[in-house]
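Visitor: So that we are looking at the same thing, I have put the structure below in structure tokens.
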Amino acid sequence: MVAWLSAPETVTAMTAGLYARIYRLVCTVPRGQVATYGQLGAVVGCSARQVGYAMAAVTDVRVPWHRVINSRGAISTRSDGKPDTRQRELLEGEAVVFGPAGCVDLATFGWNGPDWDWLVANGLEPPQILDSD
DNA sequence: CTGATGACGAGCG
DNA sequence: CCGCTCGCCATCA
258 MVAWLSAPET VTAMTAGLYA RIYRLVCTVP RGQVATYGQL GAVVGCSARQ
308 VGYAMAAVTD VRVPWHRVIN SRGAISTRSD GKPDTRQREL LEGEAVVFGP
358 AGCVDLATFG WNGPDWDWLV ANGLEPPQIL DSD
């Protein structure tokens, strides 16, 4: 499952750490659902910016990057200042509905987060487990 | 090491 | 709801 690091020699060491976790997490987002940058960042322990930065660096086609949108439920613009139309097409192909404002209803299509088993399997402590006493 | 850069997010008017 | 500012922090020159 590390095929996206097919050329580690041409990639800086960082991609093997944070980016790999982000990509692996994105791969767990089921079809027909969407996750936000901040949500993913909260799981892997980084800011939403880093998640967006990681998505920009995705090259592996197996990573469902199109299921990652911003907190408003809209598709973030690329460096061009325009949203990637391909992303919307892919999501609509998974029965994800866009509202009149070009936004997805996160209450309906929002991802609930990774399973506990996934977190443990990836060596991540479940977030927000504040058992007082 | 220093400074600039972003597929972001929360606030504010 | 819309546009703008500021904080965020890994990455890059």
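Reminder that position 112 of the first sequence reads as 369 in the numbering used here, one-by-one numbering, no gaps. Note that beta-carbon positions come from the ideal geometry of N, C-alpha and C, so glycine has one too.
1) Where does T334 fall in DSSP's three states?
2) When you compare only the Cα positions, how much space is there between E349 and G289?
3) Cα separation between Y310 and D362?
4) Whose CA, out of R319, S328 and V286, lies closest to the CA of N369?
5) Rounded to the nearest angstrom, what separates H323 and T342 at their Cα positions?
6) Is there at least one non-hydrogen atom of the ligand ATP closer than 7 Å to the beta-carbon of F355?
7) How many Å lie between M312 and A378 at the Cα?
8) Exposed or buried, which one is G380 when buried takes at least 16 other CB atoms within 10 Å?
9) When the Cα atoms are used, what is the spatial distance from L282 to D337?
10) I'd like the span of the alpha helix (DSSP H) that includes E349, first residue to last.
11) Tell me where the alpha helix (DSSP H) around V300 begins and ends.
12) Specify the secondary structure class of G380 as computed by DSSP and reduced to three states.
13) Which residue wins for smallest C-alpha separation from G359, given the options A292, R329 and D374?
14) Between F355 and R335, what straight-line distance do the alpha-carbon atoms span, to the nearest angstrom?
Guide: Let's see:
1) Stepping through the first sequence from its first residue, residue 334 is reached at position 77. It is a strand residue.
2) The residue you call residue 349 lines up with position 92 of the first sequence. The residue you call residue 289 lines up with position 32 of the first sequence. Looking at the backbone, the Cα of E349 and that of G289 are separated by about 8 Å.
3) Residue mapping note: residue 310 aligns to position 53 of the first sequence, counting from 1. Residue mapping note: residue 362 aligns to position 105 of the first sequence, counting from 1. In this structure, the straight-line span from the alpha carbon of Y310 to that of D362 is close to 24 Å.
4) On the first sequence, position 112 is the one that residue 369 refers to. Taking only the C-alpha atoms, the option nearest N369 is V286.
5) Numbered from 1 along the first sequence, position 66 holds the residue referred to as residue 323. Numbered from 1 along the first sequence, position 85 holds the residue referred to as residue 342. Approximately 10 Å, taken between the alpha carbons.
6) Of the ligands one can find in the structure shown there are none, so the ligand ATP has no counterpart to examine.
7) Position 55 of the first sequence, counted from the start, is the residue given in the question as residue 312. Position 121 of the first sequence, counted from the start, is the residue given in the question as residue 378. C-alpha separation (whole angstroms): 23 Å.
8) Working through the first sequence from its first residue, we reach residue 380 at position 123. Counting other Cβ atoms within 10 Å of its Cβ, G380 stays below 16 and is therefore classed as exposed.
9) On the first sequence, residue 282 is found 25 positions in, with the first residue counted as 1. On the first sequence, residue 337 is found 80 positions in, with the first residue counted as 1. Rounded to the nearest whole angstrom, the C-alpha separation of L282 and D337 is 27 Å.
10) One-based indexing of the first sequence puts residue 349 at position 92. Its alpha helix (DSSP H) spans residues T342 to E349.
11) Counting from one through the first sequence, the residue named residue 300 turns up at place 43. From DSSP, the alpha helix (DSSP H) with V300 extends over Y294 to V301.
12) The count along the first sequence starts at 1 and reaches residue 380 at position 123. In the three-state reduction of the DSSP assignment, G380 falls in the coil class.
13) On the first sequence, residue 359 is found 102 positions in, with the first residue counted as 1. Closest option to G359, Cα to Cα, is R329.
14) Locating residue 355 in the first sequence gives position 98, counting from the first residue. Locating residue 335 in the first sequence gives position 78, counting from the first residue. Each residue's CA atom was taken as its position, placing F355 and R335 some 19 Å apart.
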